[in-house]
Structures are given as C-alpha cells and as structure tokens.
Amino acid sequence: QGAVGGAERSGMGCAALLWGWLLLGCSWGPGPPGVGAAALSTATYVLEDAGGLGRQFDGIGAISGGGATSRLLVNYQEPYRSQILDYLFTPNFGASLHILKVEIGGDGQSTDGTEPSHMHYENDENYFRGYEWWLMKEAKKRNPQIKLIGLPWTFPAWIGKGENWPYDYPDVTAYYIVSWILGAKQYHDLDIDYIGIWNERAFNSKYIKLLRYTLDKHGLHQVRIIASDRLWEPISFVLLLDSELHGVVDVIGAHYPGTKTVPNALLTRKKLWSSEDYSTFNDEVGAGCWARILNQNYVNGNMTSTIAWNLVASYYEELPFGRCGLMTAQQPWSGHYKVEAPIWITAHTTQFTQPGWSYLQVDGHLEGGGSFVALTDGLGNLTIIIETMTHNHSQCIRPPLNHFSVTPQRATFYLKGSFYMVETLQVWHSRLGFESGNSSLFQQLNPVKVCKGRFSLDLNVDEVYTLTTLKTGQKCRYPEPPPPQPFPSNYKDDFNIRNPPFSEAPNFADQTGVFEYFINASDPGDHVFTLRQVVVQRPVTWASDADQTISLIGNFQWVNMTVTCDIYIEKQRDGGVFIAGRVDNGGIYVRRTKGVFFWVFADGTYRVTGDLAGEEILMKGLSGVRDNAWHTLTLNIQGTTAFGLLNGYPLWENVTISKPSNGWAAIGTRSFEFAQFDNFHVE
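Sequential numbering from 29 applies to the sequence shown in my numbering.
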C-alpha cells in the first residue's frame, strides 16, 4: 500500500468504479444488452469444500529472458520505467504477478538476443552483468512475496569443454548454476525459489541428481527443482521409473501444453505447471488466448501455475515474436509504453488469489462453452474466475486449437459447505470487443447478492468475470506516457561512463556475442571508455548463433544512413570487425542476416558484403588496417549505392546495393574474438 500511496501523489489513479447493468444475483433481472433472456441456455454449478479441496495453486507468472526480452526496458527514463514495473509487479495495481522467471544468461542467442553469463570464462565471476538481477530486485521491492525462478537457455563455452553439450561434466554445470543462485543471495539479497534444467532441450538424470546434491551441500535446501521445461514426456515416464530422480524433482514443467496433460504426469503426483506458455501477439486475440489458458490449464490439465513468455515486450518489434509480452515497452528513447489487454486479464486471477490457495474440486467446464475455476484461501475467502472465450478470438501461437463453440448462457452457482454463508461477491468484468473494437477491461461492477447460497449470472461470449469475497482489487492507472517516436535519426554514443548502471550500452541489442562497457587501463588517450565484444569461444548454443558476433541498433525502417565508428581489432592475423547498415534480421534467424557490411581485417584487407556470413562479396581490397590500433570506419548508404571511408578518406565507392531495402545499423566481429568500439554515430 505504501507504494500505491506514493504513486497516487504522482498523479496515478486507482479506479474501483461501479458501473454498468445490474448483475442478476438472486433476482432474475434483465440480462446483458443484446442477449435475449429467453434464448439463454441455463445450467447449475455447485461449489463446495466439504469433500476436501483440489490441488494447491502455485501462482501466475511471466518470463524475462529466453532471450533479451527486457533489453530496452532498462533504458527508460523515470518515472516511466517505474510505472511499467508497477503495472507488472505491484500487488493490487495491474498484473500483480506472483512469479518472475528469468534467464540465467549464457552468452548465447536465446530468441531475441543474447544475455550475458555471470561467468564468461572459467576463472571469471561477475554478478552485475545484464539486467535480470536488477529486474528481480525491482519485482521484490514491489512484492516481497514474489517467487523467483532461474533457467538457462545457453551456457558459456567452458561448460562444454569444446562440445556443444552441458552434461559431459555435470559437476561443472551444477557448480555453475549453483554459483548463480549463491551470487543472487550474496550480491543482491535475492532468494531463488525454483531452478530449471535446460530450456526446451534434453535433460540428464545424473545431472539433475547432482544439482540437488550441490544445492543441499551449499545449504540451499529451499530451492526447488523444475524439470524439464519441454514436453510432458519423457520426464514423466522417467520419474515413474527412477525413484531417486522422483525424489529430487519437485515440479514437472511443460511448455505450450495446449491446456492438456498426460496420464504419466498425473501418476507422478507431482505439481504440474505450464512453465512457459502464451507467446502470442498482445492484442485482443492474445488477451483471449491468455484468459482461456489461465483457466483451462487447470480445468483440462491440472496445471497449478501458468507462466507467460514474455513479461514485457522490450525488444525491437521486428525481431522474432515481436510484441509477444503481457505489455509493450519498446521505446525507451520516447518514454512511450502500452498497458496491453493481457495485463488486465492477468489481474482477474492474480489480484484475487495467492500461491498457497487451493482450487476447489469442480469440473470447471461451462455447458454453453468456456470455463470456470474456484479457489479458496481456506479461511473463508472464495474467488471464482469465469471465461467465455470463443475459438477465433482466443487462438494462441501454439499449439493449434481444435474447434469449439461458445454461446451466451445463464449460469447459476450454488455455494455449499463453508461458502454457504457468503452473502455478497465483488464483481470484476472484462469484455474483449472484436467487432466493435472497444474492449472494456477489468471494470468493477455492482456486487452480486447471494441468497441462501445461490446466485445467477448471464454470460455473453468473450468475457471474463471474477467473483470474489476479497475487496482489495484495484485497477490503477498512471497518466498517459509520452506519444511514440521513432528511434532518433541522429544518434551518438561515446561510451564515456565511469560507473554505468548496466554492463551494456543503451539500445544495442546483441544477437551473437556480448558487447560490454570496458575500461581500457592501458590507453591514456581518447579510448579509455569503450564497448568491447567479450565472448571468445562459441557458447553451448540453444539456437543457431552466427559464426560472427553482431549487435543491432536503431530503426528497422531506416533506408539511407551513415554509420561511423572507431574500431580496434585485438586478435592478431585473422581478427576482424565490421560496421553495417540495412541489417534485416536477428534473434533465432541471425545466421541468415543480410545488409551492407563493411569489414576490415588484421591482415590489412577489407571487404564489403551483402550478408553477415560474408559469402556475398560486393567489393574487396587492401586497407592498411592493422590489429591493436584504432581506426575510424564510415559506411554511407544512399538509395542503391554505398561508399566507405577509412580514417576519413575514401576507401571504396560505387558499390551497388539491391536488397535489403531497409534495416538496422550494427557493429560486430569476424569471429568469437575480443574487439573494441568507440564513438559510435549513426545518422
């Protein structure tokens, strides 16, 4: 409440307005507009706890990472950055998330970029890289009860000792993961609650047992293990066969389960989670997808937690899966962000439940289509969440959704057992407006009167209702953020910052390799503070990282541009660096990136290529560039031609460019090698 109180003084509003038509409650009053009462199908549903409760609820959450999905969030100016964080994490404010799951950075491409490892090299430890530490602290600051999960997608090369595999030396991998958990506590006072194995890749039983042993050896008994963040099988089957493994895995986490589980998973008697789900464009259909699976993952699949990929779409929208976050914050340069509909769909569950509550034992399917769940804290509180999403308005990105129909209906609920004494229920309502285009999201309606344990509700399609004994719900709003603006058309960074708040320069989106602020102790001149590429061996990959390193920046729509940067090749003989424009790809597709690439190499040659792989050679020759010296590269692209300068003098010109016709600016290296960049400028 303290945070909310402070926010109110800064112009925030929390609405708890009563509006709209009267709900039925006990009297058979008029239904919602446009629904003829006579035509409604009617059905009754009983909610009781006398025969015991269902599974324990573990919470609703979201993922930062997998990868680099929060990249642009950290560069927002205040107050906008804190506002975004409040919408995500502050209890009874917006999404009020119960769980934050983060990537344990491994220096490799993990969907929309790379996230840095806390151990780039075997003898290296640094618990201040990247932004996940910061994000976890911001989440905990707002909600001390939030649960934290760590999961690796990729691993630094030394973990595999030359193999693209993290399990050949399971003791090394366990030590690496446990160091991350210990570092979270030692440097940030963060307690990690759950740890995963390897995102959407094979698990190894020996490694999981060793991980449990290593956790316990370091006193981390409270850290629970989730496996295997892929499919229900083979993990469920293996748990049934291997009693020792069964003893160390606490949660079976499946990805994109389509609201279904499998018999073996139920036989394990473990907690079942949808440990990654959603991943859908965050418009009204995305909100419909999220509303449907939040209920039906439990109703159909006994899953007691659902975790969205991703938390906030804070990465360049043209990268893979653009805007697949619960909200959008991809413009730190303007301050613009958008609280999308999935935020308010989340609130329907999160503001009126907590991990540790229990589901009631109910079938949960509505006769006219749609679903409901009911939860209790065991202390007399009751929350019912109803969704009536139609097929075409609730399709998630995966898996394919079989056809079903939903029709307007009247639902009558009978409260029995300890809920019989409930007299009124608070009502929160959302209607996703597809035809009309105007949705009404998370509005408080008049309370429902319950007479003798009975109340009725008229349900239209594409609606969400929360009926609850809790009176704490709030729909909070900050004033509108600034309007959207394109990335600045004239942008400079000299990297001259002595104590940077983050390890990476603003707006640069690393797609292979990791580019970090660096202090050049040996250079007393103009290049003390630089940006350095620091990954020198190919990581244990999750996606198809490029063979070159690359970091993108700017506006994907750019056509004509001049890119200038000071460069410093550190690798002798076969080292090399590039600057580029009209770069058309990144993320998991980084290997197929095209653009205009201006390369210089330590052997004194240069090349101009139409691709990152360097196969489409447009021009080549001698440059006189050498390693361990600073040089200035300039690349100018106008219409269908390009020219390049070295140290301010023309090196090549009249290179014809056919495609791509637009794209980002970029910097990078020929291989996984050290190199430095300074005084970057794009216009």
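Idealized CB from N, CA, C, for every residue including glycine.
Nearest-angstrom beta carbon gap, residue j and residue i [assumed within contact, 8 Å]
i: valine 562; j: phenylalanine 702; result: 7 Å
i: threonine 558; j: phenylalanine 546; result: 5 Å
i: isoleucine 685; j: glutamine 137; result: Contact doesn't hold; Cβ gap of about 26 Å is too wide.
i: isoleucine 112; j: proline 180; result: Contact doesn't hold; Cβ gap of about 26 Å is too wide.
i: isoleucine 220; j: isoleucine 236; result: No, isoleucine 220 and isoleucine 236 are not in contact; Cβ-Cβ is about 16 Å, not under 8 Å.
i: glutamate 368; j: tryptophan 337; result: Between tryptophan 337 and glutamate 368 the Cβ distance is about 15 Å, and since that is not below 8 Å, they are no contact.
i: valine 624; j: glycine 614; result: About 16 Å separates the two Cβ atoms, so there is no contact after all.
i: glutamine 502; j: proline 475; result: In fact, because the Cβ distance is near 16 Å, the residues do not count as touching under 8 Å.
i: valine 587; j: asparagine 690; result: 5 Å
i: glutamate 228; j: aspartate 257; result: 6 Å
Check whether residue i and residue j have beta carbons under 8 Å apart
i: glycine 397; j: serine 433; result: yes
i: glycine 310; j: leucine 339; result: It should be noted that the sequence gives asparagine, not glycine, for residue 310. The answer is no: Cβ separation not under 8 Å.
i: asparagine 707; j: aspartate 522; result: yes
i: serine 333; j: leucine 81; result: no
i: serine 233; j: leucine 273; result: yes
i: glutamate 711; j: methionine 589; result: yes
i: valine 489; j: serine 458; result: no
i: leucine 128; j: glycine 89; result: yes
i: glycine 363; j: proline 509; result: yes
i: alanine 319; j: serine 467; result: no
i: glutamate 299; j: valine 279; result: Looking at the sequence itself, residue 299 is lysine, so the reference to glutamate does not match. Yes; because the gap between Cβ atoms is below 8 Å, this pair is in contact.
i: glutamine 539; j: leucine 580; result: yes
i: threonine 411; j: histidine 126; result: no
i: glycine 632; j: glycine 609; result: no
i: glycine 188; j: threonine 142; result: no
i: cysteine 424; j: cysteine 42; result: no
i: threonine 621; j: threonine 697; result: no
i: valine 206; j: histidine 148; result: no
i: alanine 630; j: glycine 672; result: no
Burial state of residue i, where buried means 16 or more other Cβ atoms lie within 10 Å
i: glutamine 173; result: exposed
i: asparagine 664; result: buried
i: glutamate 106; result: exposed
i: leucine 46; result: For leucine 46, the pLDDT reaches just 45, beneath the cut-off of 50, and the residue's location in the model is therefore unreliable, although a value from the coordinates is still provided. That one is exposed.
i: tyrosine 222; result: buried
i: alanine 185; result: buried
i: glutamine 585; result: exposed
i: glycine 64; result: At glycine 64, the pLDDT of 47 sits below 50, so the modelled position is not reliable and the matter cannot be decided from this model.
i: serine 302; result: buried
i: glutamate 753; result: The requested residue 753 is not part of the displayed model; the chain covers only 29 to 711.
i: arginine 99; result: buried
i: glutamate 644; result: exposed
i: lysine 687; result: exposed
i: cysteine 593; result: buried
i: glycine 134; result: buried
i: asparagine 535; result: buried
i: histidine 431; result: exposed
i: leucine 269; result: exposed
i: glycine 553; result: exposed
i: alanine 212; result: buried
i: alanine 694; result: buried
For residue i: DSSP bridge partner residues
i: lysine 299; result: Val279
i: arginine 252; result: Tyr222
i: glutamate 304; result: His283
i: asparagine 664; result: Thr590 and Phe671
i: valine 568; result: Phe183
i: proline 688; result: DSSP lists no partner for proline 688.
i: isoleucine 413; result: Val401 and Thr494
i: alanine 71; result: Ala439
i: arginine 482; result: Tyr442 and Cys479
i: serine 28; result: Residue numbering for the chain in the displayed model covers 29 to 711; residue 28 lies beyond these limits and cannot be assessed.
i: tyrosine 677; result: Leu674
i: methionine 164; result: According to DSSP, which records beta bridges pairwise, methionine 164 is partnered with nothing at all.
i: serine 468; result: Arg459
i: arginine 258; result: Ala282
Short CB-CB distance (under 8 Å) between residue i and chain D
i: leucine 210; result: Here there is only one protein chain, and chain D is not present.
Distance cut-off 7 Å: residue i Cβ against heavy atoms of the ligand ADP
i: phenylalanine 530; result: Among the components of this structure there are no ligands whatsoever, and the ligand ADP is therefore not found.
Any chance you could list the beta strand (DSSP E) runs of at least 3 consecutive residues sitting entirely within the stretch 86 to 153, in chain order? Entirely contained in the stretch 86 to 153, the beta strand (DSSP E) runs reaching 3 residues are, in chain order, 87 to 92 and 127 to 132.
Could you give the uninterrupted runs of the alpha helix (DSSP H) lying entirely in the stretch 188 to 241, keeping only those of 4 residues or more? If you keep only unbroken alpha helix (DSSP H) runs of at least 4 residues inside the stretch 188 to 241, you get 198 to 216.
Jot down the residue ranges of each uninterrupted beta strand (DSSP E) in the stretch 514 to 561, minimum 3 residues, whole runs only, in chain order. The qualifying runs are 519 to 521, 537 to 540, 543 to 547 and 557 to 561.
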